[in-house]
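Start counting the sequence shown at 1; every next residue gets the next number (the UniProt record's numbering).
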Amino acid sequence: MPTRRIDSILNDCDDHRRFLSQSIFHISFSFSIIFVFAINQIDALHLTGVTLVPNHPRSDVYQSFFHELMAEIGDVGQFSYQLRILPEAIYGGEIGETRPQGLIGEIYENNVDFILADMEITPERSKLIQFTRPFMSSKLAALVQRINHSESLDFREVLQKNKRAVIKGSLVERYFKTSKNPLVYHLLPDSVPDIAKGIEMVKSKNNFALISDSARLELIANNDCNLQVIQAKTDSSDEFGSDFKADYAIGVSKDSPFFGYFENSLKFLDETGRLEAVIDQHWFDQCEQQFMESRHHQQQQQQQLENKEQSEEHRHKHLHHSKPKLDQTNSAIKSSRHFAAIRLALLQQFLIVSSVILIQHIPLF
Numbered sequence: 001m002p003t004r005r006i007d008s009i010l011n012d013c014d015d016h017r018r019f020l021s022q023s024i025f026h027i028s029f030s031f032s033i034i035f036v037f038a039i040n041q042i043d044a045l046h047l048t049g050v051t052l053v054p055n056h057p058r059s060d061v062y063q064s065f066f067h068e069l070m071a072e073i074g075d076v077g078q079f080s081y082q083l084r085i086l087p088e089a090i091y092g093g094e095i096g097e098t099r100p101q102g103l104i105g106e107i108y109e110n111n112v113d114f115i116l117a118d119m120e121i122t123p124e125r126s127k128l129i130q131f132t133r134p135f136m137s138s139k140l141a142a143l144v145q146r147i148n149h150s151e152s153l154d155f156r157e158v159l160q161k162n163k164r165a166v167i168k169g170s171l172v173e174r175y176f177k178t179s180k181n182p183l184v185y186h187l188l189p190d191s192v193p194d195i196a197k198g199i200e201m202v203k204s205k206n207n208f209a210l211i212s213d214s215a216r217l218e219l220i221a222n223n224d225c226n227l228q229v230i231q232a233k234t235d236s237s238d239e240f241g242s243d244f245k246a247d248y249a250i251g252v253s254k255d256s257p258f259f260g261y262f263e264n265s266l267k268f269l270d271e272t273g274r275l276e277a278v279i280d281q282h283w284f285d286q287c288e289q290q291f292m293e294s295r296h297h298q299q300q301q302q303q304q305l306e307n308k309e310q311s312e313e314h315r316h317k318h319l320h321h322s323k324p325k326l327d328q329t330n331s332a333i334k335s336s337r338h339f340a341a342i343r344l345a346l347l348q349q350f351l352i353v354s355s356v357i358l359i360q361h362i363p364l365f
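As structure tokens, this is what we get:
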């Protein structure tokens, strides 16, 4: 083969190698751009949520809790968020609603990505939206006037011995109205328009109980030491009210691609104890702390009194043991004085006798 032809073939091979090398570089560079863009898109995930101001005397605590909980969830899920407040405190998803309203309506109409509020999971709401695992669960409870810190009251006994009321339209009211337990239905309470009215009646009337879920009521009693919350026992299914549970969860649309972000973040927060820490920070029992401090102070005073009494008793015992010695000393002093008086009298008599004898022997001039 001629040398010129071989050189031509080799040059063609070099051209092909350069072309392939450049093509691979461009393809790799393109994939890198796509990958970086995808990563940036994930990092830039921003969700919009909605909440409301609960019709509750301590709504400020709820709002603070919602924002701190969302900050924890966003930190774990690595996304940013905006949480706007619904102008009206309407949860939605109620029985008989022809069209979803309030918070449920916001999700149902795809206006927001998620709901975070003190909204319980109900069968009606679960048909319209999807709920995550609960971030808080609440029991059936009664708010009554505090009688004694150490006195333990039974929930069923509280219902039987007190006039009672529930909040109109609440999950608790529906529990009493729809329960298959005849005893529960027999104790069906009256209703009040809102929680504020119920609290007012508890404070102003004797033997009156407001029935609601424990989370709402504890937030009241934790800051008003004249009130206390009595919870239904859940140790046994036979206990009155043990079948009631109010679960609060985050709501998203049925086909939401963000469900996993919230579900996995809540699971992580729960397993690491961070969720409980956020709840405890806001549902802090101020009255219990005051009671414990007062009790500790009383115990200190009692201990000081007992120490003082023991000291007095010890002093009396010491004086009692010292008295015989003191009596002996006093007796010795008296005896010493008596002997001194006798010696003085004898000395006086001696001087008198000596003077008489001396006078008799002196010659008279």
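Each residue gets a CB set at the ideal place from its N, CA and C atoms; glycine is no exception. These numbers were taken from a predicted model, which means no experiment stands behind them.
Indicate the three-state DSSP secondary structure (helix, strand or coil) for residue i in the structure shown.
i, result
"R164", "strand"
"L351", "helix"
"V112", "coil"
"R84", "strand"
"T122", "coil"
"Y175", "helix"
"H46", "strand"
"A38", "Caution is warranted here: a pLDDT of 46 is assigned to A38, below 50, making its placement in the model unreliable, and no coordinate value can be reported."
"D154", "coil"
"Q130", "strand"
"H67", "helix"
"A345", "helix"
"S191", "strand"
"G77", "helix"
Roughly how many angstroms lie between the CA atoms of residue i and residue j, to the nearest whole one?
i, j, result
"I129", "F79", "22 Å"
"F37", "Y91", "Low local confidence applies: a pLDDT of 44 at F37 is under 50, so the model's placement there is unreliable, and no value is given."
"I352", "A341", "17 Å"
"R164", "S126", "30 Å"
"I147", "E309", "32 Å"
"I220", "G93", "26 Å"
"F35", "D60", "Unreliable positioning characterises F35 in this predicted model, as indicated by a pLDDT of 42, which lies under 50. The coordinate reading is nonetheless provided below. When rounded, the distance between both Cα atoms is 44 Å."
"A277", "F135", "12 Å"
"F244", "Y175", "7 Å"
"Y81", "F284", "27 Å"
"G49", "L217", "26 Å"
"D280", "E120", "20 Å"
"L275", "S242", "24 Å"
"N110", "G102", "13 Å"
"K182", "A89", "Note on identity: in this sequence residue 182 is Pro, with Lys being the wrong assignment. If I take the Cα positions, the gap works out to 33 Å."
"G77", "L159", "44 Å"
"E157", "G169", "25 Å"
"S253", "L83", "16 Å"
For residue i versus residue j, is the C-beta distance shorter than 7 Å?
i, j, result
"V172", "I115", "no"
"L153", "V202", "no"
"S236", "K139", "no"
"A209", "F155", "no"
"I167", "E124", "no"
"N223", "Q286", "yes"
"V229", "A141", "yes"
"S191", "Y185", "no"
"S137", "D247", "yes"
For residue i and residue j, which I take to be in contact (beta-carbon distance under 8 Å), what is that distance rounded to the nearest angstrom?
i, j, result
"F131", "H282", "Actually they are not in contact, since the Cβ atoms of F131 and H282 sit about 21 Å apart, beyond 8 Å."
"L69", "D113", "At roughly 16 Å, the Cβ-Cβ gap does not stay under 8 Å, so L69 and D113 are not in contact."
"I107", "G251", "6 Å"
"H249", "R133", "Checking the sequence shown, residue 249 turns out to be Ala, not His. Their Cβ separation, rounded to whole angstroms, is 7 Å, which keeps A249 and R133 in contact under 8 Å."
"I85", "T51", "6 Å"
"K177", "L188", "7 Å"
"N207", "K161", "7 Å"
Let me check you understand the geometry: is the CB of residue i closer than 6 Å to at least one non-hydrogen atom of the ligand HEM?
i, result
"D113", "In terms of ligand content, the structure shown is empty, and the ligand HEM therefore cannot be addressed."
If we count Cβ pairs, one from each stretch, closer than 8 Å, do we get three or more for the segment 54 to 62 versus the segment 190 to 197? yes
Are the segment 71 to 90 and the segment 251 to 268 in contact at 8 Å, needing three or more beta carbon pairs? Counting Cβ pairs under 8 Å, three or more are found: they touch.
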